[in-house]
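Here's the structure we're looking at; comments come further down.
Number of protein chains: 4
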Amino acid sequence: MRAVVLYEPGRAEVIDRADPVPGRGDVIVEVSGAGLCGTDVHIFEGLFPPTPYPIVPGHEFAGRVVAVGAEVDGLDEGEFAAADCTLTCGRCRYCRSGRYNLCLGWGAIGDTVDGAFAEYVSVPAVNVFRWPEHLPESWTPLTEPLACVVRGAERLGSVAGISVLVVGGGVIGALAGKLMRASGATRVDLCERGEVRRTRAADWADTTFDDVARTDEASYEAVVDATGSIAAIEAGIARLAPGGRYLLLGVAPADAVAGFSPYELFKRELTLLGSMSKRYSFQPALDLLHRGAIDLHSLVDQPLPLESYVDAVERVARGEGMKTVLAPDAG
Amino acid sequence: MRAVVLYEPGRAEVIDRADPVPGRGDVIVEVSGAGLCGTDVHIFEGLFPPTPYPIVPGHEFAGRVVAVGAEVDGLDEGEFAAADCTLTCGRCRYCRSGRYNLCLGWGAIGDTVDGAFAEYVSVPAVNVFRWPEHLPESWTPLTEPLACVVRGAERLGSVAGISVLVVGGGVIGALAGKLMRASGATRVDLCERGEVRRTRAADWADTTFDDVARTDEASYEAVVDATGSIAAIEAGIARLAPGGRYLLLGVAPADAVAGFSPYELFKRELTLLGSMSKRYSFQPALDLLHRGAIDLHSLVDQPLPLESYVDAVERVARGEGMKTVLAPDAG
Amino acid sequence: MRAVVLYEPGRAEVIDRADPVPGRGDVIVEVSGAGLCGTDVHIFEGLFPPTPYPIVPGHEFAGRVVAVGAEVDGLDEGEFAAADCTLTCGRCRYCRSGRYNLCLGWGAIGDTVDGAFAEYVSVPAVNVFRWPEHLPESWTPLTEPLACVVRGAERLGSVAGISVLVVGGGVIGALAGKLMRASGATRVDLCERGEVRRTRAADWADTTFDDVARTDEASYEAVVDATGSIAAIEAGIARLAPGGRYLLLGVAPADAVAGFSPYELFKRELTLLGSMSKRYSFQPALDLLHRGAIDLHSLVDQPLPLESYVDAVERVARGEGMKTVLAPDAG
Amino acid sequence: MRAVVLYEPGRAEVIDRADPVPGRGDVIVEVSGAGLCGTDVHIFEGLFPPTPYPIVPGHEFAGRVVAVGAEVDGLDEGEFAAADCTLTCGRCRYCRSGRYNLCLGWGAIGDTVDGAFAEYVSVPAVNVFRWPEHLPESWTPLTEPLACVVRGAERLGSVAGISVLVVGGGVIGALAGKLMRASGATRVDLCERGEVRRTRAADWADTTFDDVARTDEASYEAVVDATGSIAAIEAGIARLAPGGRYLLLGVAPADAVAGFSPYELFKRELTLLGSMSKRYSFQPALDLLHRGAIDLHSLVDQPLPLESYVDAVERVARGEGMKTVLAPDAG
Ligand SMILES: NC(=O)c1ccc[n+]([C@@H]2O[C@H](COP(=O)([O-])OP(=O)(O)OC[C@H]3O[C@@H](n4cnc5c(N)ncnc54)[C@H](OP(=O)(O)O)[C@@H]3O)[C@@H](O)[C@H]2O)c1
Ligand SMILES: NC(=O)c1ccc[n+]([C@@H]2O[C@H](COP(=O)([O-])OP(=O)(O)OC[C@H]3O[C@@H](n4cnc5c(N)ncnc54)[C@H](OP(=O)(O)O)[C@@H]3O)[C@@H](O)[C@H]2O)c1
Ligand SMILES: NC(=O)c1ccc[n+]([C@@H]2O[C@H](COP(=O)([O-])OP(=O)(O)OC[C@H]3O[C@@H](n4cnc5c(N)ncnc54)[C@H](OP(=O)(O)O)[C@@H]3O)[C@@H](O)[C@H]2O)c1
Ligand SMILES: NC(=O)c1ccc[n+]([C@@H]2O[C@H](COP(=O)([O-])OP(=O)(O)OC[C@H]3O[C@@H](n4cnc5c(N)ncnc54)[C@H](OP(=O)(O)O)[C@@H]3O)[C@@H](O)[C@H]2O)c1
Ligand SMILES: [Zn+2]
Ligand SMILES: [Zn+2]
Ligand SMILES: [Zn+2]
Ligand SMILES: [Zn+2]
């Protein structure tokens with residue numbers, strides 16, 4: 001099969017290599033498309049510590065099941081499915097308390113073992129989720145980021161009847177905005193610097209701003225960060241009304257420090273919440289799509305061939321377009 | 001002023017009596033309209049124990065503030081406002097824990113003191129809420145029942161992404177259905193016997209049934225009862241899928257007993273929740289209306305004159321129409 | 001090895017059979033002791049539908065790891081461990097939402113595959129939990145029931161500062177009472193018919209009653225059923241004060257019906273909660289023991305030899321003693 | 001009566017002035033003792049903006065009811081009671097949503113109107129809570145701070161079975177530590193610089209440290225700040241284990257900024273919670289005392305006469321002793 005191999009940070013090639021064969025509990029998925037996100041940029045740059053090189057990256061993917069391991073039940077060849085990339089140890093303190101996104105032995109297909117920028121990829125059967133037939137296949141790479149946002153929404157709690165500010169209008173911000181709307185928020189505004197992205201938010205944002213500073217201080221009952229930028233985080237926290245809740249989805253640099261006012265945290269009884277990856281949210285994400293609560297049309301870009309891997313990484317790094325996808329049969 | 005006086009159960013008259021004058025902390029509201037609900041039927045029949053007779057009934061109301069007590073701040077004559085009828089002692093164990101709907105000294109304007117089936121009514125200033133200008137005045141009598149449903153929804157918890165069955169398609173069922181939709185439920189079905197009411201649910205129900213028995217057992221993640229009927233309650237509980245949550249809004253007779261399977265409660269880890277009146281939900285109800293999350297057009301009937309009080313009570317008892325309203329200047 | 005084999009309901013024998021060998025992901029545990037509970041009575045009587053016969057029963061157990069499968073990491077021979085008997089499919093809707101106790105493919109060591117009334121038992125490595133060294137080995141069979149009670153307590157929510165009535169003073173009731181105490185309940189009373197058991201509750205119960213009817217109606221903020229008896233459940237619900245929460249741990253017969261007053265559920269805003277087995281609560285149960293929050297001395301009985309299996313089942317059925325345990329090396 | 005009058009920041013005197021007479025809904029309390037806290041230091045220094053001068057300070061108090069307003073029901077002369085100092089508008093968005101501690105018109109007896117460093121003080125009847133007879137009167141001034149800590153604990157959520165670090169061993173830290181213990185935390189450690197205060201924590205702290213830096217990073221499931229110091233807050237947040245929850249009780253200077261790592265907030269899924277004053281927690285605080293869950297002996301100091309007001313303020317500012325109290329009949 002053809003596969004992108006990243007030999008070491010910055011050095012990648014599309015090569016031919018042996019097709020994977022399924023382990024006892026695994027299935028082989030013929031990849032229809034695999035998305036890229038900021039983690040792919042970090043893996044390419046050597047800034048995602050758990051990654052071993054060489055590796056085939058690609059962790060947001062779907063495709064048809066073409067082979068099934070000996071011990072796999074209830075999953076047949078021919079089925080079209082989305083895959084949850086998460087690999088957990090099952091035995092650490094966090095796995096055993098159901099907080100598997102905090103697993104001490106965390107790994108992920110495409111991040112710590114070979115992934116989906118390839119024609120085929122091997123996946124544990126438990127990571128495979130039947131894709132709702134009537135939905136467009138082009139939406140599949142958005143299931144994984146949507147699952148992250150669903151986890152974030154669970155952390156945030158009910159938004160029914162309240163006003164929400166989303167900061168950052170990339171894929172994560174857009175998914176968060178759509179989910180807030182679908183969960184009963186009665187006002188959802190967006191701060192995003194890029195004009196194109198503000199325009200692409202027309203189907204969910206009430207009002208868009210190009211700068212957090214243009215929104216009123218202390219005026220939102222919930223604020224969601226989808227930037228990871230320190231300036232945006234500091235400004236976002238200051239938008240919280242008394243009793244307000246802040247959800248941090250954005251991933252800041254590991255050594256960056258943001259300032260907040262402990263006096264305001266106390267005085268306004270604020271709540272600041274981090275949310276990390278997915279937790280029991282892959283199936284709910286599929287359900288939301290299945291039942292029509294969230295529409296992804298505005299977030300899908302034209303897929304690129306595997307050969308465009310480096311360009312695709314750069315496109316994501318520049319914040320261009322929305323969900324960038326590589327497809328083995330594209331172009 | 002003209003007022004409906006219910007001298008004793010079953011004996012009412014519209015008479016002329018002195019206009020109320022505001023106590024120090026009260027305002028006088030010129031009633032624009034006041035709704036009826038099942039409680040009004042009970043009060044008419046002498047089946048609502050806390051009611052003293054004679055009384056002017058009418059507890060779901062709004063109107064213009066025409067006089068303001070000496071110690072009232074920040075509320076001016078001329079303002080149009082909806083009123084929360086609830087009167088609490090402020091000092092019992094429940095009031096002091098914020099559970100004021102469980103107040104040991106509970107009372108209500110129109111239920112335990114003179115109410116709004118009259119041209120004017122006296123209301124404590126703290127019970128008066130500014131009505132959002134751009135909303136139709138005809139919606140005002142629905143604020144109170146919506147506030148009850150908002151409390152119920154708080155009891156139920158998040159419905160984002162789940163399927164809900166509403167049993168009973170009167171005003172309460174319809175408000176519950178609309179609120180579930182606006183809170184992100186991805187499927188909301190209705191069971192209601194009356195064909196007219198099933199039709200009036202077209203703007204919120206996915207599927208309607210004329211009998212709970214026609215829905216699948218163990219298939220809804222949440223079920224809301226808005227009937228108070230024992231048969232409907234028993235059937236409704238049996239619709240809960242594993243992990244399901246049941247919200248009882250309906251008021252059953254005080255001595256009626258419903259059967260449930262403790263084995264299923266255990267095995268499916270069900271949750272059964274009662275919800276009683278409003279709790280901090282009057283303003284949220286107004287906010288939901290204000291922000292456009294809930295539209296009440298389909299629930300409003302033509303107001304009737306005060307003289308139609310007995311007819312109106314009977315109409316409600318028969319389950320006719322949706323929100324029945326008396327307006328001093330109707331007809 | 002020697003093992004109890006239950007050939008069919010009611011017909012058991014201790015026989016010699018081949019020692020188990022570990023599957024790739026399994027370990028072999030040399031059983032130090034295995035407890036019995038009501039489920040063992042049902043399995044013996046043929047009333048636990050998922051059980052296939054012949055089977056080696058025994059699902060509450062611990063022991064030393066004596067062999068380790070080829071793919072097992074981080075678990076060594078010689079380690080003393082308690083085992084969680086739960087086997088789940090990992091792929092059903094419930095597993096994937098973290099509600100694995102509701103798994104559609106649920107199974108358990110000792111209930112649906114061979115268990116621990118034997119010298120050795122095979123266990124998936126992920127089901128094995130290191131036993132805190134300084135704790136008495138005699139407590140090990142109580143970890144599983146404690147984990148069930150911890151799940152129940154999670155369902156119930158905070159009991160800090162409130163009054164709780166526990167109905168039923170067997171092992172489950174006693175564990176629930178001890179946990180309520182350790183979680184800050186400021187009053188914990190017990191209803192239990194058996195005098196011996198009331199006496200054994202001296203280390204945790206404030207007041208004991210021999211009949212629910214002797215406690216005040218509507219006077220407890222939380223009630224926990226640990227009987228499964230319909231009469232006790234009905235009486236228990238009636239003890240709830242306004243705003244009260246009811247936790248059903250007891251397992252009633254599958255076709256039994258209990259009556260409750262929907263009017264009171266509404267009027268007092270009650271909450272009724274079922275709790276089914278364990279969910280992420282095995283490790284927390286061990287932690288509570290490890291940290292000294294719960295002491296099990298009063299619940300441990302003298303272990304019996306495997307040959308006493310039928311007597312032990314009958315002892316449990318009669319509600320005699322507290323935790324009945326079979327140990328291969330006993331007596 | 002004799003009363004401390006603070007004419008302007010820094011200038012106080014004990015003078016004779018007319019006894020208060022009760023308004024219609026008020027009672028007069030003969031003060032038995034009134035505590036001081038950091039707010040009293042700020043009021044003395046002119047750093048508590050809502051304070052009007054001259055004022056009689058004193059907001060943590062109790063005493064005997066000696067006169068009762070015309071409209072007060074169910075509260076008799078002679079009763080001994082603790083008072084909640086909080087005065088709210090009842091009509092703002094926050095009051096109406098039950099979040100009265102965030103009231104836009106917030107006031108407090110002793111902070112914004114005359115308080116309890118006097119022989120008598122006027123108090124709205126709804127602010128008066130019957131003191132449990134069998135408890136020592138010397139504990140009364142601790143009810144108010146305990147109510148603040150109970151509110152904080154509600155924000156924090158269940159601590160049953162987890163490890164908690166309390167930072168700051170003054171009255172607030174000690175009350176928080178005792179409450180964590182009584183709520184089932186299985187380990188409660190204290191960081192406090194002062195040796196005397198570390199010693200006085202012997203009845204509740206497992207281990208004490210003189211510096212947060214001496215505790216392990218990322219090792220506590222919950223951390224409670226009771227210092228308001230920026231250094232302590234920054235160090236405290238860094239002690240949170242993955243999934244950990246941080247409760248900020250300490251009041252930092254209004255313009256101070258603390259740094260935190262957004263990456264860790266995300267990666268460890270942390271939760272940071274501010275808690276502001278009391279909310280429905282005065283009665284629960286009394287209940288915890290009444291039922292014996294919390295013992296206050298170790299926190300009570302010898303009361304001082306009114307004439308010691310300035311000394312008492314300085315004592316509090318220096319962090320000396322535990323609860324400093326002024327009593328009209330002391331000395
Ligand atoms: N929590 C999780 O589980 C999870 C999962 C996936 C992704 N993430 C994280 O979520 C964040 C968003 O992901 P993404 O894929 O949507 O990234 P993205 O495409 O980089 O989008 C971020 C957007 O935020 C905008 N932005 C940055 N600073 C801003 C500011 N101060 N004011 C307004 N807009 C600002 C950016 O505009 P410019 O391009 O003009 O700067 C960009 O459009 C990333 O940090 C990512 O790592 C988290
Ligand atoms: N919890 C609270 O705070 C609160 C507040 C307000 C009202 N309520 C209660 O909520 C309930 C509903 O109020 P509402 O004003 O909407 O009353 P309603 O107009 O009487 O509506 C109830 C509807 O339920 C239908 N129904 C009765 N049994 C049924 C069954 N077995 N299957 C299907 N439909 C059935 C009735 O149809 P038919 O007419 O054909 O029987 C009727 O259309 C009442 O019990 C009321 O007292 C509670
Ligand atoms: N939810 C779960 O995950 C879970 C897990 C394990 C067990 N369970 C269930 O929990 C229940 C208790 O288990 P267990 O092992 O403790 O059982 P047990 O030994 O049978 O204890 C039950 C106790 O309740 C007493 N009792 C029965 N009816 C009573 C009444 N009306 N008033 C007062 N006391 C009454 C019994 O006394 P007499 O003997 O005199 O009748 C007996 O002492 C069982 O139903 C069991 O199946 C549930
Ligand atoms: N949230 C609320 O509703 C509420 C209510 C009441 C009070 N408060 C606030 O809670 C805080 C505590 O009140 P309190 O009456 O207990 O105050 P306190 O008597 O000043 O106690 C604070 C303690 O923290 C210690 N401390 C300060 N920095 C420390 C550090 N870096 N490491 C270890 N210990 C440190 C202090 O020791 P040193 O004296 O040696 O510095 C002092 O013993 C105050 O900020 C107060 O304003 C909040
Ligand atoms: Zn793990
Ligand atoms: Zn009350
Ligand atoms: Zn399963
Ligand atoms: Zn207010």
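Residue numbers (UniProt numbering), protein chains in the order written: chain Z, 1 to 331; chain G, 1 to 331; chain A, 1 to 331; chain X, 1 to 331. Beta carbons: idealized from backbone N, C-alpha and C, even for Gly.
Check whether the Cβ of residue i sits closer than 7 Å to any heavy atom of ligand 2, and report yes or no.
| i | result |
| --- | --- |
| G/M276 | yes |
Let me know the secondary structure DSSP gives residue i once reduced to three states.
| i | result |
| --- | --- |
| Z/T51 | coil |
| G/C148 | helix |
| Z/Y120 | strand |
| Z/C191 | strand |
| G/D311 | helix |
| X/T39 | helix |
| A/P141 | helix |
| Z/I109 | strand |
| A/D287 | helix |
In chain order, what residues of the same chain lie with their CB nearer than 6 Å to the CB of residue i, ignoring the 5 residues before and after it?
| i | result |
| --- | --- |
| X/T186 | G161 |
| X/E79 | V65 |
| Z/G244 | E221, L270 |
State yes or no: is the C-beta of residue i nearer than 7 Å to some heavy atom of ligand 7?
| i | result |
| --- | --- |
| Z/R151 | no |
Does chain A have any CB closer than 8 Å to the CB of residue i?
| i | result |
| --- | --- |
| Z/V150 | no |
Does the CB of residue i have a neighbour CB from chain G at under 8 Å?
| i | result |
| --- | --- |
| A/E269 | yes |
| A/P242 | yes |
| A/A238 | no |
| X/V113 | no |
So, for residue i: in the same chain, excluding its five sequence neighbours on each side, which residues have a beta-carbon less than 7 Å away from its beta-carbon?
| i | result |
| --- | --- |
| Z/V313 | L36, D40, V41, F44 |
Answer yes or no: the CB of residue i versus the heavy atoms of ligand 5, is any distance below 7 Å?
| i | result |
| --- | --- |
| Z/Y94 | yes |
Can you determine whether any heavy atom of ligand 6 sits closer than 7 Å to the C-beta of residue i, and answer yes or no?
| i | result |
| --- | --- |
| G/G90 | yes |
Does any C-beta atom of chain Z lie closer than 8 Å to the C-beta of residue i?
| i | result |
| --- | --- |
| A/G74 | yes |
| G/S219 | no |
From residue i to residue j, what does the alpha carbon distance come to, in whole angstroms?
| i | j | result |
| --- | --- | --- |
| A/R151 | A/M276 | 8 Å |
| A/D19 | A/R197 | 39 Å |
| Z/D301 | Z/L146 | 16 Å |
| X/R193 | X/I233 | 14 Å |
Using a Cβ-Cβ distance cut-off of 8 Å, determine whether residue i contacts chain X.
| i | result |
| --- | --- |
| Z/Y100 | no |
Is residue i near ligand 1, in the sense that its beta carbon is under 7 Å from a heavy atom of that ligand?
| i | result |
| --- | --- |
| X/L6 | no |
Handout entry: Members of the region 261 to 285 of chain A that neighbour chain C once the beta carbon cut-off is set at 8 Å
Key = No chain C appears in this structure, whose protein chains are Z, G, A and X.
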